[in-house]
Amino acid sequence: MKRSFWIGIICAVCYLGNIPLSSAVQTASIGSTFSCTFLDSGDQGFFDSSSTHTWNQSQIDAAIRALSTWDSLINSTPGRTLTVGLTWYDGSNSSTLASAYSPYFYHQSNGPQQVATLAESVWRDGSTKADTGYDIYIQCNTAYLNSLYCETALSPEYTGKYDFQSILTHEVGHTVGFLSLATQTGTFQVQSGNTSEAYSTMLYTKYDSLLTNQEGQSIVQKAGTGNTAFTLGETLLLDDTGLTAYNPANWQQGSSMAHIDSSSDPDALMQYSLSPDTYHRTLTEGEMELMRSMGWNMVPEPCTSALALLGLAALTLRRRRF
222 MKRSFWIGII CAVCYLGNIP LSSAVQTASI GSTFSCTFLD SGDQGFFDSS STHTWNQSQI
282 DAAIRALSTW DSLINSTPGR TLTVGLTWYD GSNSSTLASA YSPYFYHQSN GPQQVATLAE
342 SVWRDGSTKA DTGYDIYIQC NTAYLNSLYC ETALSPEYTG KYDFQSILTH EVGHTVGFLS
402 LATQTGTFQV QSGNTSEAYS TMLYTKYDSL LTNQEGQSIV QKAGTGNTAF TLGETLLLDD
462 TGLTAYNPAN WQQGSSMAHI DSSSDPDALM QYSLSPDTYH RTLTEGEMEL MRSMGWNMVP
522 EPCTSALALL GLAALTLRRR RF
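Be aware that the sequence shown starts at 222, since it is given in our numbering, and climbs by one per residue.
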């Protein structure tokens, strides 16, 4: 049976103070990009909730491999080290394997506004903007503890297991830009309220700005003119990557729009669900192109790398002649 991923994002700066750092002692660093804290059972986590499970070494190793994958794919230099909090919750009645959060900020009082997560701002854009808690927060469902495969090898002996590394790699993907603020009404989220942090303005992501209908119209621009941006079940293209967004006829909260439709790329890391004994541990070429369209500096394409090596070899040969 397939299980769903889910993406959540903190939608206003007034919430940021409610994401406390923990005193958990299990920590790990991935180069200068990530500083990770593994919240054990009883450690305070997101919105004053406590983690419901203590991380074991194989789970920690899977998380480190997932974060290392992103570190190896992205060449952008972060403005500072990103803090990551990983925790567990009891979701016995949920089909969700894990969820991810990264705060974002908005500042305009009117008119459509593109927002970025804190992870995007710091890593992609080089900002040193600080948060009072974690830049990336990932929570995993203990209901599937006995159904997780946490080893390095892609082994068929663990039949019926969900690959934990694939799950966590996917969740990090949401925090670095694979997310949408589209709604089931065919429009985009509008933040409003009476506080200074809340405005009446339409919000969308960079990912949203790349979505077009089959007539080539930007759905963000359509929404900005007061029109319905899209209809459920409509095929929506993502830039010129050949990928389409997951937009089923029946809205699925947390899954619709924020994922890649598997019909456009069956190997996509960022498709909306994962089956047991399935491994999606890295981005496909289409997803790499989409990251570039979202402004990320990604590792060179294989052909580019080969040309660079050939150029270096030629330069070396020329130098040897002198």
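Even glycine gets a Cβ: it sits at the ideal position worked out from N, Cα and C.
Whole angstroms is fine: what's the gap from Thr462's alpha carbon to Lys350's? 31 Å
Give me the DSSP bridge partner(s) of Phe255. Ile251, Leu303
Flag this pair as yes or no: are the beta carbons of Ser272 and Asp282 separated by less than 7 Å? Going by C-beta atoms, Ser272 is not nearer than 7 Å to Asp282.
Let me know the beta strand (DSSP E) ranges lying completely inside the region 353-381, each 3 residues or longer, listed in chain order. 357-362
Where Glu392 and Gly381 are concerned, what is the direct C-alpha to C-alpha distance, given to the nearest angstrom? 21 Å
Using DSSP's beta-bridge definition, name the partner residues of Gln265. Ser271
Out of Leu424, Ile285, Gln386, state which residue places its alpha-carbon closest to the alpha-carbon of Leu495. Taking only the C-alpha atoms, the option nearest Leu495 is Gln386.
Same chain, Cβ closer than 6 Å to Tyr375, five either side skipped, listed in chain order: Residue identity differs from the one stated: residue 375 is Leu in this sequence, not Tyr. Result list for Leu375: Tyr500, in chain order.
Burial state of Val411, where buried means 16 or more other Cβ atoms lie within 10 Å: exposed
Does the structure place the region 279-297 close enough to the region 311-321 that three or more beta carbon pairs sit under 8 Å? Because the criterion of three Cβ pairs below 8 Å is not met, the region 311-321 and the region 279-297 do not touch.
What alpha helix (DSSP H) runs, 4 residues minimum, are completely inside the region 437-502? 440-445
How close, in whole Å, do the beta carbons of Gly394 and Leu490 come, if the pair is a contact with beta carbons under 8 Å? 6 Å
Span of the beta strand (DSSP E) around Met509: Element bounds for Met509: not the beta strand (DSSP E) but the alpha helix (DSSP H), 506-514.
Between which two residues does the beta strand (DSSP E) carrying Tyr327 extend? Unbroken run through Tyr327: none, as it is neither H nor E.
Which listed residue (Ala287, Ile481, Trp517, Asp460) has its alpha carbon closest to that of Val305: Ala287
Quick one: what's got a C-beta closer than 7 Å to Tyr370's C-beta in the same chain, skipping five residues either side? Taken in chain order, the residues that qualify are Tyr379, Lys382, Tyr383, Asp384, Phe385.
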